[in-house]
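**Student:** For the record, the sequence lines run as chains A and B. When the count follows the working numbering, it moves up by one through the first sequence with no breaks and lands on 338 for the last residue. When the count follows the working numbering, it moves up by one through the second sequence with no breaks and lands on 1338 for the last residue.
Protein chains: 2
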Amino acid sequence: MGVTVAIDCMGGDHGPVVTVPAALSFLRSHPAVHAILVGREESLTPLLGTALAEFGPRIRLHHASEVVDMDEPPASAMRSKKDSSMRVAVDLVKSGEAAAAVSAGNTGALMAISRFVLKMLPGIDRPAISSILPTLRGHTYVLDLGANVDCSAEHLLQFGIMGSMLVAAVDHVERPRVGLLNIGEEAIKGNEIVKQAGELLRGSGLNFYGNVEGDDIYKGTADVVVCDGFVGNVALKTSEGLAQMLSTFLREEFGRNFLTKLMALVAMPVLKKFKHRVDHRRYNGAVLLGLRGVVVKSHGSADSFAFEQAIARAVDAAGNQLIERISRKMASMSEVAA
Amino acid sequence: MGVTVAIDCMGGDHGPVVTVPAALSFLRSHPAVHAILVGREESLTPLLGTALAEFGPRIRLHHASEVVDMDEPPASAMRSKKDSSMRVAVDLVKSGEAAAAVSAGNTGALMAISRFVLKMLPGIDRPAISSILPTLRGHTYVLDLGANVDCSAEHLLQFGIMGSMLVAAVDHVERPRVGLLNIGEEAIKGNEIVKQAGELLRGSGLNFYGNVEGDDIYKGTADVVVCDGFVGNVALKTSEGLAQMLSTFLREEFGRNFLTKLMALVAMPVLKKFKHRVDHRRYNGAVLLGLRGVVVKSHGSADSFAFEQAIARAVDAAGNQLIERISRKMASMSEVAA
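#1: Within the 8 Å Cβ cut-off, does Y1283/B reach chain A?
#2: With DSSP as the reference, label E1066/B as helix, strand or coil.
#3: Can a CB atom of chain B be found closer than 8 Å to the CB of Q244/A?
#4: With distances taken from CA atoms, which of T1140/B, P1134/B and S1334/B is nearest K1275/B?
#5: Could you work out which residues of chain B lie near M263/A, taking near to mean beta carbons separated by less than 8 Å?
#6: Just the chain B side, please: which residues come within less than 7 Å of F274/A by C-beta, in chain order?
#7: Put I1113/B into one of helix, strand or coil per three-state DSSP.
#8: Could you tell me which chain B residues have their CB closer than 8 Å to the CB of I183/A, listed as they occur along the chain?
#9: Smallest Cα separation from N1320/B: which of I1007/B, H1172/B, T1050/B and A1109/B?
#10: So which of G210/A, I7/A and V315/A has the shortest CA-CA distance to S339/A?
#11: Can you tell me which residues form a DSSP beta bridge with V142/A?
#12: Assuming L1291/B and P1127/B make a contact with CB atoms under 8 Å, what is their CB distance in whole Å?
#13: Hey, R393/A and F1249/B: beta-carbon distance below 8 Å or not?
#14: Kindly list, in the order they appear in chain A, the residues whose Cβ is closer than 8 Å to that of E1240/B.
#15: On the CB-based measure, 16 or more other CB atoms within 10 Å of its CB, does D216/A come out buried or exposed?
#16: If you draw a straight line from the C-alpha of S25/A to the C-alpha of V3/A, how long is it?
#17: Can you tell me where the beta strand (DSSP E) with A1100/B in it begins and where it stops?
#18: Residues of chain B with CB closer than 7 Å to the CB of L136/A, please, in chain order.
#19: Can a CB atom of chain D be found closer than 8 Å to the CB of K297/A?
#20: Does any residue of chain A have a CB that is nearer than 8 Å to the CB of N1191/B?
#21: Compare the C-alpha of I323/A against each of A286/A, A306/A and L166/A and name the closest.
#22: When the distance is taken between beta carbons, is S85/A closer than 8 Å to G39/A?
#23: Name the one or two DSSP bridge partners that V1194/B has.
#24: Starting from the beta carbon of Y218/A, find every residue of chain B whose beta carbon is closer than 8 Å, and list them in chain order.
#25: Report the neighbours of V1278/B on chain A: residues whose CB is nearer than 7 Å to its CB, in chain order.
#26: Per DSSP, what are the beta-bridge partners of M1120/B in this structure?
#27: Ignore the nearest five residues each way along the sequence and tell me which others in D1208/B's own chain have a CB closer than 7 Å to its CB.
#28: To the nearest angstrom, how far is the alpha carbon of M162/A from that of G11/A?
#29: In terms of residue numbering, what span does the beta strand (DSSP E) encompassing T962/B cover?
#30: Quick check: the stretch 216-231 of chain A against the stretch 139-154 of chain A, are there 3 or more CB pairs under 8 Å?
#31: List the residues of chain A that T1260/B touches, going by C-beta distances under 8 Å, in chain order.
#32: Is the number of C-beta pairs between the stretch 71-82 of chain A and the stretch 257-277 of chain A that are closer than 8 Å three or more?
#33: By the 10 Å Cβ neighbour count, where 16 or more other Cβ atoms means buried, how is K1237/B classified, buried or exposed?
#34: Using only CA atoms, which one of F159/A, L110/A and E97/A lies nearest to D125/A?
#35: Applying the criterion that 16 or more other CB atoms from any shown protein chain within 10 Å of the CB defines a buried residue, is S1095/B buried or exposed?
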């Protein structure tokens, strides 16, 4: 896909040493993609090697003098750092020079900047963060994952619409199943907002599956799981904690003594395949939905492999007209409502 | 501990074939405990074998003619089944014949019956469900897990108090760390109710750790994690789903072909130890907190081993004066407030 992606090369825990190699590796395997590397020239240039010669017009360095800190308050990042790599990357989407922006920086700042610079799509009240998670059947998209702590039923409906359009664009599933995260399958379960959201989703024309429970996320019951940002964030972080604990326990048991280490050696090929299958790096790259432009947030601690997945997700969403799909759907729904 | 426990032998997916052997095994290893087996005499007697002779006065059969169905609405179970095994087991706690009741039956019905029969402790508005989860450091208690979908800040404070007293009673930790489940560590994060709950917990005299995130549950950052029932239920079910998926993937990878099966055979001792360490059956038995009596809910699908853990938890809580501890704490806190 002939997409140009703007990459905030300074964001994340590791900055350019991770983002630049990821960008170069991605360009190598995607010959139609162009990249604008945004950040301090003096930090990026030494990492480019022969890339400028190798990729010619497909790669461009865009100097930005400031960097948003990982723990900087969003308001301060927005007001006082107009030349931050994050801001400039999003500005490039606004101006049309890039079709998508990727950053591993501070989530709050990226959200605030994206909202301020790009603005919301008509009919969408708030941006939502959507991540992809592995399931028994493949993968599923969950949103919101922390941008919105207090949601109305209408917000949850909008998440359902945006999530559906994301899956339609990226996975080419035209009518993805939308599940509403709840604490029981019956329509009468849950709190008032969730019950109302169920009604709205049922009447929305989306392919609404109904209520799903926490375990349905990993069963792959739905293609899109909708929830408020508080619940979504807890579900995601709890999953991270559990996965971390299980992997620590497995390592401890295999590392106990000479004999168990020998067993680990024998079982290594299988353990490696297992690890690859659930490698969270493969699922890196959360899409900020609802904006008039594609913005993808990488995990701050991402390594090059993981950051490359986030770039891929941004290119995929932009190349498959994510924004146009959401706009069209919102327009058609407001016609029905009118 | 010289505790008498009333066991609803008819509840759960499997009924007496699971509950009766679990009770007998528990009595065998706990010589000071007495058990009242509640259920249809004709269903229980054939499973007792020589138990009546073996345990003498330590075991008693209490006939109850009805059974609450697993999907029966709580209101109907309460109104129309006054002689259900579940109801009679709770009645035995009310009358003082038993110090605790255990049931693997329908959660909603058990909650409604317990609340109706036993009543709430002074100062506690609603019962909460508390479960134990494994962590990197040992284990932690999480509440509420689904009884309360809309919680006020005061409810969350009460959960903190009850959870603390549970850990004090059962784990003999006098000032357990209480964490408030949130989507960031900073005090300003989260929705309004959680922020207010943070204030209340900070001023409560409990050992309040502050906000914790989803991954802190399994890190063991706090001894007690407080959240509303919606969030707690999602966190628990999501964990179940993830654990299930990972174990399926591991089994699939080891089962792929002759060679991988051979590797599994070699690694078996380690895999077994790992499995034991995270065996969810060991954590079976959720305590219904806030009532004037100890009631423990076993997972409906529990096997004998798992159900025995639930009995152990009930005996432990009753033997360590859980109810008295919560009452005393509530009384001392209302004195401070007055």
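Ideal placement from N, C-alpha and C gives every residue a C-beta, glycine not left out. Note that this is a predicted model, so its numbers are computed, not measured.
**Tutor:** Taking the coordinates as given:
#1: no
#2: strand
#3: yes
#4: P1134/B
#5: The answer, in chain order, is V1266, A1267, P1269 and V1270.
#6: Within chain B, the residues near F274/A are F1249, L1250 and E1253.
#7: helix
#8: Within chain B, the residues G1146, V1149, G1229, F1230, N1233, V1234 and K1237 have their CB atoms less than 8 Å from the CB of I183/A, given in chain order.
#9: H1172/B
#10: The question about residue 339/A has no answer here: the residues shown for chain A are numbered 1 through 338.
#11: S131/A and V225/A
#12: 6 Å
#13: Only positions 1 to 338 of chain A appear in this structure, which leaves residue 393/A out of reach.
#14: G214 and D215
#15: Counting C-beta atoms within 10 angstroms of its own C-beta, D216/A has 16 or more neighbours from the protein chains shown and is therefore classed as buried.
#16: Rounded to the nearest angstrom, the two C-alpha atoms are 16 Å apart.
#17: A1100 to S1103
#18: M1245 and T1248
#19: Here chain D cannot be found, since the structure's protein chains are A and B.
#20: yes
#21: Closest by alpha carbon: L166/A.
#22: yes
#23: DSSP, once it has assigned bridges, lists no residue as partnering V1194/B.
#24: T1238, G1241, L1242, Q1244 and M1245
#25: L246 and F249
#26: L1291/B
#27: A quick correction: the sequence has Phe, not Asp, at residue 1208/B. Around F1208/B: V1178, L1201 and R1202.
#28: 26 Å
#29: Because residue 962/B is not part of the residues shown, which for chain B are 1001 to 1338, the question remains open.
#30: yes
#31: P269 and V270
#32: no
#33: buried
#34: F159/A
#35: exposed
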